[in-house]
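Last residue of the sequence shown: number 907 in this note's numbering, and the count goes up by one each step with no gaps.
Don't be surprised by glycine CBs; every beta carbon is placed ideally from N, CA and C.
Just below is one structure, and these are the notes that go with it.
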Amino acid sequence: MTALQTSLGESRSGVRLLGRLLGDVIREQEGQQVFSLIEDIRQRSVGEHRQGEADPELENILHGMTLDQARLLIRGFAIFSQLANIADDHNSRRQTSLTDPFAELGASRAVTADEAIGFLNRAVLTPVLTAHPTEVRRKSILDRELAIAELLQQTDGRMRSTDRADVEADLKREIRTLWQTRMLRQVRLNVTDEIENALSIFRLTFLKQLPLLKRRLARLLGATGPLAPCVQVGSWVGGDRDGNPFVNADTLTFAVTHQGELILDHLLEELHALGSELSLSADFATISADLADLAKASGDHNDNRDDEPYRRALVGCYARLAATRTAVLGRAPARSSSLPARPYSAPAELMGDLDVVARSLSLGGGADLAQGRLADLREAVASFGFHLAVMDLRQNSDVHERVVAELLGKAGVTADYAALPEAQRVALLAQELASPRMLRSPYGAYSEETAKELGVVDAAAALRARFGEGAIANYVISKAASVSDMLEVAILLKEAGLYRPGDPPTCGLRIVPLFETIEDLRSGAAIMAAYFDLPLVRAMLAGQGDLQEVMIGYSDSNKDGGYVTSNWEIRTAINSLSALFAQRGIGLRTFHGRGGAVGRGGGPSFEAIQALPPAALDRGIRITEQGEVVASKYGHPLAGLLSLETIVAGALLGRYADHPDAADGAQAELLSALSAKAFAAYRDLVYETPGFETYFRQSTPLVEIADLKIGSRPASRTASTRIEDLRAIPWVFSWSQSRVMLPGWFGFGSAVQAVSAEDPAALDKLRALYAASPFFRSVVANLEMVMAKSSLPIAARYAALVEDQALAGRVFARISEEWRRTREAVLSLTGEADLLDHNPRLAQSIKVRLPYIDPLNVLQVELLRRHRAGEVEDGLRRGIHMSINGVSAGLRNSG
């Protein structure tokens with residue numbers, strides 16, 4: 013038996029075990045009749061997929077179900093999908109732990125240990141948690157899933173039959189609890205809830221796994237000294253105001269304060285535990301003079317510790333850190349210290365004391381004593397400081413323009429800033445940034461929007477003073493499209509003392525433009541060139557290590573130009589930016605706004621990072637981790653460790669790729685042509701087809717998704733119903749529910765057909781490119797995965813919901829035709845007979861789910877039809893929401 017066959021067998025075994033236990037629970041809770049109905053539908057659906065033809069009786073059963081029966085079936089199939097995900101993730105963790113991401117790095121000849129250490133000492137790799145509303149599961153559901161995952165892990169290896177019976181009993185109890193737990197939220201999440209959810213991920217994963225990652229890295233590379241804090245964690249939760257009116261100075265303060273509380277309490281607990289461990293007596297251990305001084309300075313005169321200098325030293329460290337917590341948070345820790353102590357002024361001061369302990373332990377052959385808990389504690393201080401996560405501020409450039417216009421107007425500088433041409437705006441803003449004068453008057457009355465924005469930057473300044481500069485380090489500008497968009501942020505920061513004029517001027521936060529439409533991606537390098545031409549900008553960047561960060565938006569560029577063009581324009585923009593930055597002597601750090609779904613930049617992280625242009629990785633990378641992706645990647649400690657390892661290994665292998673990607677060479681012209689053809693096909697359907705917007709809204713559960721209580725942020729930036737103004741998340745989520753998955757593939761088939769018609773050798777060139785280019789291979793692989801989850805027969809049912817069936821027929825015919833073209837194009841590149849033939853593990857994972865997803869879709873269509881026809885039966889809307897939850901769980905990465 014091959015390793016792959018073993019892996020697939022183990023995955024199926026886990027699914028069968030959890031499925032059997034779920035069946036037992038349903039039979040015991042709901043009765044044999046309900047169980048038999050659900051089991052009959054399950055078997056018929058599985059049979060449909062095996063035989064490749066519809067079962068008419070299944071159709072009759074589904075359409076004849078009462079609402080109560082439908083809700084029980086939806087619940088059963090949704091929970092099975094969640095359990096299948098747990099089994100899949102468990103098997104994936106087992107396989108990855110056997111062939112960990114660092115194995116390829118260690119075997120690679122492309123990067124030496126010295127190069128890797130150099131890279132990690134200058135680069136920063138950062139997953140950034142966001143509160144994007146694509147996680148439909150409640151925290152209570154996630155907690156039960158984690159408990160089931162941990163129990164399933166116990167079934168690995170050989171077990172006594174009695175032990176296995178105990179674990180299965182525990183699993184059944186957890187599944188019963190899951191069955192009796194409400195799937196949906198009764199009230200919409202608020203920002204505070206989102207902050208608490210994010211903090212739970214830190215408790216579960218990052219606090220322990222990030223130091224472990226650094227220890228593994230140092231061992232793999234043979235590093236003789238500590239590595240720089242090359243892996244950090246960022247957050248937008250509580251600081252991302254773009255389109256969310258509920259994020260303000262209060263939520264920012266709540267987020268940063270609670271992050272600080274969490275890390276300070278963690279450090280205190282680890283210090284206390286370390287003191288318990290280091291019971292070394294001066295009679296038997298070598299003690300450095302510095303350690304003796306640190307012990308003496310602690311003020312600890314407990315006779316029981318008289319000969320235990322390490323414990324006395326750590327008692328003093330604990331007292332100082334407890335005093336720090338009290339000073340920063342205004343309240344003492346639960347385990348307070350009786351010793352009078354001076355607070356630490358910064359994490360570096362605590363690190364200095366821990367370094368003294370480590371150096372002393374290393375004397376006399378005791379270097380291993382400095383490892384373990386002490387090493388992890390030092391890594392935690394280096395990586396988390398007293399702030400835990402690097403918080404970003406984010407706001408839309410339109411808001412900045414209005415606020416700056418009001419400030420300038422009320423200060424008497426200019427009455428109509430918004431009417432000024434770009435060149436005059438830049439000149440005026442540069443003049444204001446050179447002046448020490450503030451625009452804000454303490455006696456002025458400002459609009460609610462301006463007062464709110466000024467309150468946020470004031471809060472940021474206060475929080476940085478309390479928790480350190482690392483607490484809030486970046487200001488991201490959504491819809492950045494000009495130099496003035498960036499200078500306006502500097503103006504706002506200046507009002508809070510975070511930008512200071514002078515020679516040179518200084519700015520406490522990095523100003524990060526987000527280029528997110530096709531037009532802005534194409535203009536990005538020119539915008540940054542004009543920005544760098546300003547002397548004040550170059551002087552400001554010199555104070556920030558000559559490093560500029562640029563964020564690239566995958567979601568909006570996809571909605572704007574389609575999947576193929578979004579990917580190509582992002583790569584082209586990164587290459588253009590890399591060339592410009594190298595020419596100007598400025599380091600580039602790219603920030604990738606990737607979602608969970610392929611239509612929003614999702615897909616396997618390792619391949620995506622490794623496929624980036626090497627120059628874009630040299631100073632590190634930041635990546636958003638959104639919605640359901642956060643729980644799947646970091647909701648289990650081992651999964652979190654593997655995800656972090658994947659980012660590091662992918663970045664190192666991508667940075668030191670031993671040859672340039674073929675996409676950037678001779679075939680760039682071909683890919684540019686492919687992108688242009690795909691762009692034309694996508695825009696023609698989405699933005700130029702009469703009635704398409706109506707088709708989209710009526711053939712998907714868009715309106716019903718907006719009613720789901722899955723996040724604090726509204727679905728649209730404005731009250732407009734235009735697709736242009738709809739957020740990317742509901743756009744992608746809606747197409748996923750209807751199983752069209754249009755944002756993840758549309759246009760590729762037409763593009764391949766068109767370039768092949770113009771150049772008979774184009775298909776052979778694309779095949780060669782698929783074999784040679786990690787970038788193009790990643791594009792095709794993600795597209796192929798999305799198509800494997802799509803279903804034209806299911807999509808046709810949603811099309812039947814459109815009131816104008818003539819319109820539905822026209823649009824669906826175009827979608828179907830393009831789907832078939834795209835499938836043919838993919839298979840012609842991969843050389844396979846069917847989608848995912850080359851990836852049997854993923855194919856098997858999807859194959860297991862489809863018989864459970866399809867009936868959920870059929871029921872969802874029926875419930876939508878009844879709801880839209882005006883039925884007001886109790887529970888109808890809840891049934892729709894449960895079906896959305898179930899389909900989302902089955903598809904995974906759907907938003």
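Span of the beta strand (DSSP E) around residue i
i      : result
His604 : 599-605
Asn408 : 402-408
Leu546 : Here Leu546 belongs to no beta strand (DSSP E), and DSSP marks it neither H nor E.
Ser578 : Not the beta strand (DSSP E): Ser578 falls in the alpha helix (DSSP H), residues 575-596.
Ile489 : 484-490
Separation of residue j from residue i, as counted between CA atoms
i      : j      : result
Pro241 : Leu559 : 17 Å
Leu225 : Arg62  : 43 Å
Leu110 : Pro702 : Residue placement at Leu110 is flagged as unreliable, the pLDDT there being 44, under the threshold of 50; the coordinate-derived value follows with that caveat. So the two alpha carbons sit approximately 53 Å from each other.
Ala763 : Ala693 : 8 Å
Arg134 : Ala122 : 19 Å
Leu683 : Ala845 : 25 Å
Arg28  : Leu196 : 26 Å
Tyr356 : Ile523 : 30 Å
Arg56  : Val838 : 31 Å
Leu216 : Ile207 : 15 Å
Val899 : Arg631 : 39 Å
Gln856 : Asp100 : 10 Å
Ala442 : Lys491 : 21 Å
Asp277 : Ile896 : 39 Å
Gly31  : Arg24  : 10 Å
Ala901 : Val259 : 28 Å
DSSP bridge partner residues for residue i (one or two, in chain order)
i      : result
Cys519 : Tyr511
Thr636 : Val140
Ile564 : Phe527, His604
Leu624 : None; Leu624 has no bridge partner.
Asp911 : Outside the displayed span of the chain (13 to 907) sits residue 911, for which this structure offers no information.
Ser785 : Paired residues: none, contrary to the question.
Ser247 : Leu141, Met403
Residue from the options whose Cα sits closest to the Cα of residue i
i      : options                        : result
Pro625 : Ala542, Gly246, Gly662         : Gly662
Arg105 : Val860, Tyr782, Tyr646         : Tyr646
Gly88  : Leu876, Ala820, Val37          : Val37
Arg176 : Leu163, Ile187, Leu49, Glu186  : Leu163
Ala446 : Ile539, Val899, Thr518         : Thr518
Glu716 : Arg890, Ala307, Gly756, Leu326 : Arg890
Trp580 : Arg215, Leu30, Asp676          : Asp676
Pro713 : His893, Leu738, Gln765         : His893
Pro454 : Tyr429, Leu419, Phe131         : Leu419
Ser746 : Gly666, Leu903, Val860         : Leu903
Val814 : Ile858, Pro805, Phe708         : Phe708
Buried versus exposed call for residue i [16 or more other C-beta atoms within 10 Å across all chains shown]
i      : result
Thr336 : buried
Thr174 : exposed
His75  : exposed
Asp305 : exposed
His604 : buried
Asp404 : buried
Asn202 : exposed
His412 : buried
Ala344 : exposed
Gln710 : buried
Gly26  : buried
Gly377 : exposed
Phe691 : buried
Lys308 : exposed
Pro223 : buried
Ala651 : buried
Start and end residues, alpha helix (DSSP H) containing residue i
i      : result
Val243 : Premise fails: Val243 is in no alpha helix (DSSP H) and is neither H nor E.
Trp928 : The question about residue 928 has no answer, for the chain in this structure spans 13 to 907.
Ser494 : Unbroken run through Ser494: none, as it is neither H nor E.
Ile659 : 649-667
Asn209 : 203-213
Closer than 7 Å: residue i CB and nearest the ligand NAD heavy atom
i      : result
Leu624 : Questions concerning the ligand NAD fall outside what the structure shown contains, since it holds no ligand whatsoever.
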